[in-house]
């Protein structure tokens, strides 16, 4: 004989929950959503045999004891759905419970017997039902005793039990079972609703894991960033601009329509091994150094560079920005110049060489002599983690809610998961943008660990195939649940080969692509709008005379500036809910490899947007856009208007195939708003 | 101030294991493999920064305490692989551990500094390395103290430490760092291998879950089943055949090349409400009833029908089959005729109506009066589960290892997971075939819960698109890890519309499709090979005069029997390892919707098989097969032979596109063995 088999505690939990979606890595990481929009949860639920099953979504704010229940609704093919309202920022937990429901099964089967005219079976079933109703009444009574309340469903169910028993003995019902189909009969829906309210859940099945969703504010998904170096905006050319000077940039940025202004580090810059212009290893007197070489005797990550001003100046800048509807994002670069106060106060946070000196940042055979990396292997890691978190808390206490995090992939990953989780528990409105340009799995992992938005490979995706594949991966692949892309055509570190052509259509098309493919995007200006395009040397992606190492002076009023077209693109984004999300994107055939066409729709039914971009900066390109999917469903086979919100013009289109032609010398892109189909005479009032 | 943040116990576990594959539903269910083939495990591993990481696969037989370790090898893009040898039947567990390795990182970086000729940095690095080697020596010593052993790696590492220190002080090394690149230097691989043997794993990261793989014998994946009713093989037409009579079928079945013979239930058949021929509600005296109405006063699921013989006769039948290389599979139909002994002995295992009678099986408005279903909601479920498991144990003790399970989707699913897991812990060679023709998620769930093989929708997949999509789903979708298809063109319950045409090319093409698309398949004979094709009534999929309800008499020697072609197909399967697995299947373009072409390859490099089937039974069809993928890689652009193992003939083909033409009146399919490319004069010995 075999050993006595280990039986489960209860073998009669017949319902199975095969899947609960969305989830990331089996529930190891939360999915991400925006406040005010529900989380649509899908469960795959069934039981053996033909029994009816029922299921509830259990959900609660993280930390709450009690679960709230929402009933799942059957869709098809064992798929059930429920919506979890996300009314607050923060974390929610969700799981599911399901059970086979004999009362609901009985109602369904009774109807089948009735419709088959099987009088004998109906009589028996009515007796069975009387007992089921009696049991449900007992559950309703028990519930009332626990929760209080007067007469109600328990008595109703008892009444049903009596009536079912009476019908079971009524020969006229057996002769004409169809009589049970009328109103006030057991099949008119009333009994079913009562039955559903008091199920027997003693043998229900709980999904094996509790999943999580992080709920962010709208700007986590929809944002337009503008990065600039405040020190370049002194009214006196060549002088070090201040935060007070930089305030004058805010109306300009607001007019272009950006809603996040991101400043490179505003802290004191190290003097030891300070880099000179164009990343020279040494600097001359008066050169300002790289803002990412953080810390000097005046202070470190919580201080303001004295040439930029004071904490009070920063507050004034932030408030002025907020008055323009712009949020200020700071840079979080956890690394130190050799003269950062931490180096003296916490020498053990750095890696030492055998001679006692501290190891510079390096990636052999390159060395970055103006920077010491933090040593995440230090014995003092708990103190260091708390101090690093304190930096965010400091700026949060000064009203900053958005941080662009420099090279997070070079800091210990457990640190990010801990820090972001801890901070967002207190400040759920915080946004962290991950600036990791590295291998794909690492980029996705950072997003899983908690980063709100992420830089992407957009800068290096140029052809139609590249752009389509990448956007499909981001919007429709697994990453869509946790990775929110932020597309940048340029950054202070990235002047792409394409932009180096200096061609205006290239700049405009890259702008339109970034701003309409991705609901979040950003530019580094003024170099972008002024089409700055000379690399430090051929083959390099770095700007010549980069603002990273020197103060520049920009003529914002130059006639060829792109500021007007940027302003138009951002206005279109604000007016078009369809452009404020990514998951509805759909690429359309145009029959021309130089034309990229895609549409976005919005679940609320606002007008869809169709974007067509000419990727060829030198030639007119034309083709036939083939609409399909939700956009085609909307316009049907009839005539409809499309309005080019970018280049202007209103076109009458009809059906799925419509002609487009783009001359890059004029505008290299259409951003069409699609109007629903035109009225016809049938809809005319007097028809 | 915020509350003191909850820090992890150790924040310096810098390596991350993002994925560990294969896995099913986040590790909730095991994957399935075959004994003797390794499990290829893939891990996605990385750490912050540029540090080298290392990882081991941890594995053990389920139940063992100690893990065995196998080192992962880096592939690309953060993907690492390792193989888990599966030498025994049963369950294995596996997980992974990874760590950032400073010693390996140091060796890699030293080489970069050396190759850059950076003498100053090399001198410093050599000092760092001396300390790392010293630490590794300490770990080697600690290991020796624990595990015993004499001098060895600890002393070697100490020697390295001294030499590294000496080099660090040697001005000639600083002048010419390249001198370190020679043999016996620190970069010739010796030190690296030593370093890898004694890593510091004190801060390693363990993957959060332990995954499982169920290892079955070869027949779980590769099997050819033949189902027949023994009672139809009495030498005296119309009389009830016995197991002794049925033995005469075995050489016939062996000649056709099947390796599993599956018998419908061989137990006593109920007399109460016994069904008559063609599923009539009542039977006449002498009618045998349905074998699935199990149980009568002579016994239930552990007894042999007295008209078939005795347990001893069964033993003799099984042994005779095994002598022919054929395994006997029994039916496991957990349901009872009204006169099954369980009904009297365990009335509480059945559902009672208010009048005290037992509820028949039903699916309103249909009733199956010859069957009582078991009530998996019974209070006595533990006793019932044990008794049901005992049925398998009974037959296992009589040498049966394979069971076809009748309608598992109508029995409580937790029962299957428990029973199969328990039984396979004792008898890991057991095979359970799930006969569930129901909704897709349920079919997959049964496979996840433990069924070894599964019936499929193959019978209803006829067109090229249907067959291609379905096979892609099974062979390349998520189900490939747990769902092993068994394709049946017919069963006693399924005479498809296609087969009802009675056309010989249809029967042959369905046979070839079943036997070459899927590595496991089966037929219900003799109706299949004798092309029985009349349905009980138009629109029905049931056989007229079905053997389910009556004894039939078959002329196995009929001239038009398909037995010879079946024998040929099974011989080709046995000779072709490529046909003994599914995951390598690849469909090829033929430019003709009536021709289906697909190839299968074998990792051992035996000849690939290319199958082309004409789905049109009435017309000659032709097209150009376009080879691609591994098959094309093998033959290259040169000439090669293909040999049609089914219809005969050897063809000289060249390159990717080759012409095929199939006349259904001759043979509706090719099964080509592809020979590697022909020799050319270049390979001729005297060239």
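Protein chains in written order, with our numbering: chain H, 2 to 688; chain C, 2 to 688.
Positions of the beta carbon are idealized from the N, C-alpha and C atoms, including for glycine.
Source: prediction; values computed, not measured.
Assign residue i to one of three DSSP states: helix, strand, or coil.
| i | result |
| --- | --- |
| residue 111(C) | helix |
| residue 401(C) | coil |
| residue 14(C) | coil |
| residue 653(H) | strand |
| residue 333(H) | strand |
| residue 615(C) | strand |
| residue 632(C) | helix |
| residue 60(H) | strand |
| residue 391(C) | helix |
| residue 486(C) | strand |
| residue 325(H) | coil |
| residue 92(H) | strand |
| residue 546(C) | coil |
| residue 501(C) | helix |
Determine whether the beta carbon atoms of residue i and residue j lie at a separation below 7 Å.
| i | j | result |
| --- | --- | --- |
| residue 477(C) | residue 503(C) | no |
| residue 555(C) | residue 527(C) | yes |
| residue 79(H) | residue 113(C) | no |
| residue 119(C) | residue 355(H) | no |
| residue 334(C) | residue 296(C) | no |
| residue 208(H) | residue 96(H) | yes |
| residue 44(H) | residue 18(H) | yes |
| residue 330(H) | residue 403(H) | yes |
Does the Cβ of residue i have 16 or more other Cβ atoms within 10 Å, making it buried, or fewer, making it exposed?
| i | result |
| --- | --- |
| residue 281(H) | exposed |
| residue 283(H) | exposed |
| residue 660(C) | exposed |
| residue 137(C) | buried |
| residue 571(C) | buried |
| residue 163(C) | exposed |
| residue 539(C) | exposed |
| residue 271(H) | buried |
| residue 398(H) | exposed |
With a threshold of 6 Å on Cβ separation, who are the neighbours of residue i within its own chain once the five nearest residues in sequence on each side are excluded?
| i | result |
| --- | --- |
| residue 529(C) | 491 |
| residue 603(H) | 578 and 579 |
| residue 658(H) | 625 and 627 |
| residue 111(C) | 126 |
| residue 308(C) | 241 |
Pop quiz: residue i and residue j are said to be a contact at Cβ under 8 Å. What is the actual Cβ separation, rounded to whole angstroms?
| i | j | result |
| --- | --- | --- |
| residue 175(H) | residue 126(H) | Between residue 126(H) and residue 175(H) the Cβ distance is about 11 Å, and since that is not below 8 Å, they are no contact. |
| residue 260(C) | residue 328(C) | 6 Å |
| residue 424(H) | residue 435(H) | 15 Å between Cβ atoms; not a contact. |
| residue 370(H) | residue 347(H) | At roughly 20 Å, the Cβ-Cβ gap does not stay under 8 Å, so residue 370(H) and residue 347(H) are not in contact. |
| residue 49(C) | residue 411(H) | 6 Å |
| residue 214(H) | residue 393(H) | Not really, about 23 Å apart at Cβ, beyond 8 Å. |
Near residue i, which residues of its chain fall below 8 Å by C-beta distance, leaving aside the five closest residues on each side in sequence?
| i | result |
| --- | --- |
| residue 36(H) | 87, 88, 89, 90, 216, 217, 218 and 219 |
| residue 225(H) | 258, 259, 260, 261, 516, 521, 522, 523, 571 and 574 |
| residue 584(C) | 476, 477 and 481 |
| residue 676(C) | 608, 641, 642, 643 and 644 |
| residue 203(C) | none |
| residue 2(H) | Low per-residue confidence applies at residue 2(H): pLDDT is 34, beneath 50, and the placement is therefore not dependable, though the value from the model is reported in the following sentence. Cβ within range, chain order: n/a, list empty. |
| residue 128(H) | 165, 166 and 169 |
Just to confirm my understanding: we take residue i, look at its own chain, exclude 5 residues before and 5 after, and list those with CB closer than 7 Å. What are they?
| i | result |
| --- | --- |
| residue 109(H) | 53 |
Between residue i and chain A, is there a C-beta pair that is closer than 7 Å?
| i | result |
| --- | --- |
| residue 408(H) | No chain A appears in this structure, whose protein chains are H and C. |
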